[in-house]
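A short write-up of the structure that comes next.
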Amino acid sequence: MNEKKRILTGDRPTGKLHIGHLMGSLQNRVRLQDEYDEYVVIANIQALTDNFENPKKVRENIEELLCDYYAAGIDFNKATVFIQSEVPAIHEIFMYISNFATVQQVAHNPTIKTEIAQKGLENSTPLGFFIYPVHQAADIFCVNADLVPVGKDQAPMIEDSRILARKFNNTYGVKLLHEPEALFGTEVNVPGIDGNSKMGKSLNNCIFLSDSEEELRKKVFQVYTDPARVHATDPGKIEGNVAFMYHDLFNGNKEEVEKMKDLYRKGEIKDVEVKERLFEVMNEYLKPIRERRIEAEGMKDELMVKAFEGSKKVQVIAEGIVEQMKEAMELRFGNR
Ligand code: ATP
Ligand code: MG
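When we follow the numbering used here, the leftmost residue of the sequence shown carries the number -6, and every step to the right adds one.
Shown next, in the form of structure tokens:
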């Protein structure tokens, strides 16, 4: 019997993965793929909720995700990567748990609120998009996951999933659905190069894992710093300064970072010096990932086969959960 605890995590195939994904979630997935029974969902149905007019984009980005996973170090023989639309049992679970979520609860979800505003959907929010937090809970329950490595923007979603599991179990007097715990890779979302508090695939402010050295250099030199600082001799601000936030994430030499911060505050170091050093440390960090990304380009078919096999495996697990849910809800008939 497999005693390992389970992980469920994943991404929407809406674009290539960026350093926010790497730091927020991917690194934890790689670190824990031996210790846990790990499942990684390519959430193409959830990607369609705000991209339904552009199915080609969602379809094409599945391959990009597979390459990014390989590049980041996900081992397809250890973690089970699967495609959401190949596991229809998720929709069944979704329907059963949706009775335990309220419209008001979703409407108050701060991440959903921000996303609706960012996407300009205030007066035309597709119902599918609105209910995605509940559908995402169904992803977690479809393998009865214990741990969910995600970025900080997903905190309210995981909290809501815990409530849903508890309500389902309490209502039907069962101990079926696990209350998942969130695992955050960073204390706050990784900010965009434009200073936005979240780097996001759909926000055009990303450093992608697939960016070349030249692209990385160009983007690092565009990174938002302290807009009030005109001359290198002006005292600079560290708070909200994205260059220093990236240094904190990528520069292993903490002493050097603290020294640069100190000089910056006193107006004794130029932005360009901070960025030149940032480019060096980020490039060193991302180089092996970039190289594996190129290797993955030639493995797309192989990785896709793995994802199909993974989907079949997950559908079987999910059908088992569905049967237990139906049993609890008096939905079994005849000798079934
Ligand atoms: P989209 O803009 O299309 O929603 P996204 O960049 O938000 O794309 P998702 O696929 O929605 O990416 O999220 C996948 C995972 O990556 C989630 O766990 C999310 O919390 C995490 N993540 C996304 N952006 C960041 C970020 N800037 N910092 C940390 N984690 C992030
Ligand atoms: Mg998102």
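Virtual Cβ for every residue (Gly too), placed ideally from N, Cα, C.
A quick note: this is a predicted structure, and the numbers were derived from the prediction, not measured.
- The alpha-carbon of Arg222 is positioned some 6 Å away from that of Gly229.
- Ala148 and Ala175 have their alpha carbons spaced roughly 7 Å apart.
- The secondary-structure analysis by DSSP pairs Tyr62 with nothing; it has no beta-bridge partner.
- In chain order, Gly178, Thr179, Val183, Leu242 place their CB closer than 6 Å to the CB of Met16, counting only its own chain and leaving out the 5 sequence neighbours on each side.
- In the DSSP assignment, Ala72 falls outside any alpha helix (DSSP H) and carries neither an H nor an E.
- Under the three-state reduction of DSSP, Pro142 is assigned to strand.
- Remark: C-beta atoms of Leu140 and Tyr32 do not approach each other more closely than 8 Å.
- Residue pairing from DSSP places His11 in a beta bridge opposite Phe201.
- Check the Cα spacing between Phe75 and each of Glu261, Lys106, Cys135, Glu46: the tightest is with Cys135.
- Beyond the five residues adjoining it in sequence on each side, Ala289 comes within less than 6 Å, by CB distance, of Cys60, Tyr63, Ala64 in the same chain, given in chain order.
- Between Gly185 and Lys191, the beta carbon gap of about 7 Å places them in contact (Cβ cut-off 8 Å).
- By the Cβ-count criterion, Met88 is exposed, with fewer than 16 other Cβ atoms from all chains shown falling within 10 Å of its own Cβ.
- Between Lys49 and Phe201, the gap from beta carbon to beta carbon reaches 8 Å or more.
- The straight-line gap separating the alpha-carbon atoms of Ile156 and Asn21 is approximately 24 Å.
- Each residue's CA atom was taken as its position, placing Gly260 and Glu251 some 14 Å apart.
- A Cβ-Cβ distance of about 44 Å is found for the pair Asp132 and Val265, leaving them out of contact under the 8 Å criterion.
- In this chain, the beta strand (DSSP E) harbouring Gly3 covers -1 to 4.
- Measuring C-alpha to C-alpha distances from Phe161 to each of Ile90, Arg(-1), Leu114 identifies Ile90 as the nearest.
- Straight across, the Cα-Cα distance linking Glu115 with Ile262 is about 44 Å.
- Bounds of the alpha helix (DSSP H) holding Phe301 are 293 to 321.
- Taking a contact to require three or more Cβ pairs closer than 8 Å, the stretch 69 to 83 and the stretch 290 to 301 qualify as touching.
- Residue ranges of uninterrupted beta strand (DSSP E) with 3 or more members, entirely inside the stretch 132 to 190 and ordered along the chain, are 140 to 143, 174 to 177.
- The beta carbon of Pro173 is closer than 8 Å to those of Leu1, Ile133, Ala138, Asp139, Leu140, Val141, Ile151, Ser154, Arg155, Ala158 in its chain, skipping five residues each way along the sequence.
- In this structure, the straight-line span from the alpha carbon of Met238 to that of Glu207 is close to 21 Å.
- In the structure shown, the three-state DSSP call for Glu31 is strand.
- For Thr7, the CB falls within less than 7 Å of some heavy atom of ligand 1.
- A residue is called buried when at least 16 other Cβ atoms come within 10 angstroms of its Cβ; Gln215 does not meet this threshold and is exposed.
- Ranked by Cα distance from Glu269, the options Asn70, Arg210, Ile231, Leu169 are led by Arg210.
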